[in-house]
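The next block holds one structure in the form of structure tokens; read it before the comments.
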Amino acid sequence: MTDLIMLATLLDGPKHGYQLKKQAGLIFGQGAIHNNLVYPLLRKFSTEGWVTRKTTPGERGQNRQQYAITAAGRKSLIDRLSNFDKEAARSADGFRLRVALFGLLPEETRALILRAREQALDQSQARLNEIEQHVQLRSFPREVVTFMREQIAAELLWLHHLHKVKLEKERNHP
Numbered sequence: 000m001t002d003l004i005m006l007a008t009l010l011d012g013p014k015h016g017y018q019l020k021k022q023a024g025l026i027f028g029q030g031a032i033h034n035n036l037v038y039p040l041l042r043k044f045s046t047e048g049w050v051t052r053k054t055t056p057g058e059r060g061q062n063r064q065q066y067a068i069t070a071a072g073r074k075s076l077i078d079r080l081s082n083f084d085k086e087a088a089r090s091a092d093g094f095r096l097r098v099a100l101f102g103l104l105p106e107e108t109r110a111l112i113l114r115a116r117e118q119a120l121d122q123s124q125a126r127l128n129e130i131e132q133h134v135q136l137r138s139f140p141r142e143v144v145t146f147m148r149e150q151i152a153a154e155l156l157w158l159h160h161l162h163k164v165k166l167e168k169e170r171n172h173p
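Quick note: numbering that gives the first Met the number 0 has the sequence shown finishing at residue 173, numbered continuously throughout.
Below, the structure is given as structure tokens:
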């Protein structure tokens, strides 16, 4: 998922490696992503033709590398976001990333992603039902199951809202 976020941070324009580290780190809830993760990804992206790299002068006379996403990089990002199989649908973070980038995806793909996530949540509810039927839950385990059910219910409401947003946009922009 780090690679998807790194590519997505370039959608709004070229950035220096330091800017990418800070912005991606912010998204991940960290100060900055480590160089050992960022720069190998940028080299890979460059090799794949997903980003271009150019040298620009820095503020203190040094040279800095600036990265920009290419059309091939944008296409790869969209293709990878669109690939949302059952395993990916179980990832809450992967789902939220896709929703954040829904503006890049066609309506049909968005609908498929929403349905896949609903199915994953239904499976999670079924698993919780199994646990409750076959495991005697004491106080704190029951708290965890209750909390998980509340999270699933809240997300299902959000999914319903996302479906509604889609329908409203279709009505307003025929």
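For each residue, glycine too, the CB sits at the ideal point set by N, CA and C.
When the options are compared against residue i, the one with the closest alpha-carbon
i: A31; options: Q61, L40 and L19; result: L19
i: A87; options: T145, Q118 and R59; result: Q118
i: E149; options: L127, G57 and K85; result: L127
i: T1; options: V37, P13 and G16; result: V37
i: R109; options: F83, S138, G48 and K53; result: F83
i: F44; options: G60, M5 and Q22; result: M5
i: E107; options: Q135, K14, H162 and A91; result: H162
i: G48; options: W157, L104 and A70; result: A70
i: I26; options: D92, P13, N35 and R52; result: D92
i: W176; options: V143, L113 and E129; result: The chain is shown from 0 up to 173; residue 176 falls before or after that span and cannot be answered.
i: R52; options: G16, V144 and K85; result: G16
Cβ pair residue i, residue j closer than 9 Å
i: L111; j: L3; result: no
i: R89; j: Q124; result: no
i: F94; j: R116; result: yes
i: L40; j: Q64; result: no
i: L231; j: L96; result: Within the shown structure, residues of the chain are numbered from 0 to 173, placing residue 231 beyond reach of any answer.
Residues near residue i by beta carbon distance below 8 Å, same chain, minus five either side
i: L9; result: L19, V50, Y66, A67, I68 and G72
i: P173; result: Unreliable positioning characterises P173 in this predicted model, as indicated by a pLDDT of 45, which lies under 50. The coordinate reading is nonetheless provided below. If we look at P173 and ignore the five residues flanking it on each side, it has no Cβ neighbours.
i: V199; result: Nothing can be reported for residue 199, as the shown portion of the chain is limited to 0 through 173.
i: G12; result: A67
i: N62; result: T54, T55 and P56
i: T46; result: none
In chain order, what are the residue ranges of uninterrupted beta strand (DSSP E) at least 3 long that sit wholly in the segment 41 to 70?
Positions of the beta strand (DSSP E) runs, each at least 3 residues long and wholly inside the segment 41 to 70, are given as 50 to 56 and 62 to 68 in order along the chain.
At least three beta-carbon pairs within less than 8 Å, the segment 95 to 110 to the segment 62 to 81
Two segments are said to touch when three or more pairs of C-beta atoms, one from each, lie closer than 8 Å; by this definition the segment 95 to 110 touches the segment 62 to 81.
To test your reading of the DSSP string, which unbroken alpha helix (DSSP H) runs of 4 or more residues are found completely within the segment 140 to 167?
For the segment 140 to 167, not one full-length alpha helix (DSSP H) segment reaches 4 residues or more.
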